[in-house]
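Novice: The structure follows.
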Amino acid sequence: MPELPEVETIARRLREVVKDKRLKTIQVLREKSFQGNPDLLVGSTIIDISRRAKILNFTFSNDLHLLVHLKMTGQLIFVDAGTRVGGGHPTDDWVNSLPSKHTRVVIDFEEPGTLFFNDLRVFGWMKVVDQAGVDQEYGKYAPDVNTTEFALQDFQEKLSKRSQPIKVALMDTSIVSGIGNIYANDALHLAKISPLRPAKSLSSKQVKAVYLAARAVIEKGIELGGATIKTYRTVDGLSGDYQSVVRVYQKESQPCLVCSTPIIRIKQAGRSTFYCPHCQK
DNA sequence: CATGTGCCCTGCATGC
DNA sequence: TGCATGCAGGGCACAT
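In numbering that gives the first Met the number 0, the protein residues as written are 0 to 280.
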């Protein structure tokens with residue numbers, strides 16, 4: 000579910016509440032959700048929380064790392080005396096008592112508080128790795144869209160070799176990381192480029208427009224604490240506000256914000272694509 | 001190497 | 001009500 004802005008938001012929120020806490024117990028309720036030996040973290044203290052692509056990285060005082068990928072339906076919720084902080088896929092588990100039937104891993108700290116990893120579809124994972132493991136995991140991904148390492152020239156070069164639709168290329172983590180379905184759709188609308196265009200068919204000016212638009216929508220997402228799509232309630236400490244400014248994602252038949260033409264929905268690479276047939280060429 | 005498809009899982013909304 | 005289908009913010013293995 001979460002894309003870069005959502006994961007970044009979770010990293011920032013959790014940093015405030017679990018940094019310097021010492022792990023007391025860790026329960027793995029679903030084997031598939033956890034790789035490695037969880038007991039290696041017991042007694043160790045979280046000294047930092049960071050993010051790369053859509054992966055969260057809890058750094059422990061014993062130089063081990065707990066990496067977390069939330070995939071489509073993962074959530075991380077820290078609970079302490081009634082207050083909840085975190086985020087991820089919005090479900091009733093945001094407000095229901097935890098653990099729930101979707102809770103896969105429970106982490107208790109010596110200090111007050113518990114961190115729940117919930118994941119309805121069980122696509123997500125946690126894994127314990129050393130620094131080499133972190134490097135290996137990060138090495139699978141092209142630069143993050145919101146960094147200087149994501150260079151326009153490299154982007155252009157990669158796109159020039161791709162005949163696949165630009166929308167699909169934008170979501171390819173070997174080209175750029177952090178852009179999922181919400182922001183890929185919105186970036187192309189902002190750039191006024193049709194998602195159907197073969198990547199290699201874009202002019203250099205159009206590539207630049209897509210590049211800048213991708214960075215812009217991701218930045219906006221981070222600024223607003225990510226998107227909480229399809230939720231009927233706002234939960235402090237868990238939801239975000241990008242959905243209030245979303246351009247086309249899940250807006251089939253609704254008027255384009257620019258020209259009022261109804262937004263069209265198609266399917267590309269098995270995922271829904273939304274775009275304005277008038278504005279995006 | 002680039003591209004397309006299926007698949008990992010569970011739950012919800014929709015339609016018959 | 002039951003049942004089938006399609007869809008869900010990700011990414012991998014695999015075939016071609």
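Just so it is clear, CB atoms sit at the ideal spot from N, CA and C, and this is done for glycine as well. From a predicted model like this one, the values you see are computed outputs, not experimental measurements.
Can you tell me which of the three DSSP states threonine 113 falls into?
Specialist: strand
Novice: Contact defined as beta carbons within less than 8 Å: I believe proline 197 pairs with leucine 187. What is the distance between those atoms, to the nearest angstrom?
Specialist: Between leucine 187 and proline 197 the Cβ distance is about 13 Å, and since that is not below 8 Å, they are no contact.
Novice: Would you report the Cα separation of glycine 73 and glycine 85, rounded to the nearest angstrom?
Specialist: A direct Cα-Cα distance of roughly 11 Å separates glycine 73 from glycine 85.
Novice: I'd like to confirm the pairing. Which residues does DSSP put opposite asparagine 56 in its beta bridges?
Specialist: Ser49 and Leu66
Novice: Quick one, are the C-beta atoms of isoleucine 228 and glutamine 242 less than 7 Å apart?
Specialist: yes
Novice: Roughly how many angstroms separate the alpha carbons of serine 99 and glycine 220, rounded to a whole number?
Specialist: 29 Å
Novice: Reducing DSSP to helix, strand and coil, say where arginine 214 ends up.
Specialist: In this structure, arginine 214 counts as helix in the three-state DSSP scheme.
Novice: For the region 226-266, which segments carrying the alpha helix (DSSP H) assignment without a break, of at least 4 residues, lie completely within its bounds, in sequence order?
Specialist: none
Novice: Pick helix, strand or coil for glycine 179, following the three-state DSSP scheme.
Specialist: coil
Novice: Name the residue from Arg270, Ile263 and Ser271 whose alpha carbon lies nearest to the alpha carbon of cysteine 278.
Specialist: Ile263
Novice: Smallest Cα separation from valine 6: which of Ala213, Gly225, Arg120 and Asp107?
Specialist: Nearest C-alpha to valine 6: Gly225.
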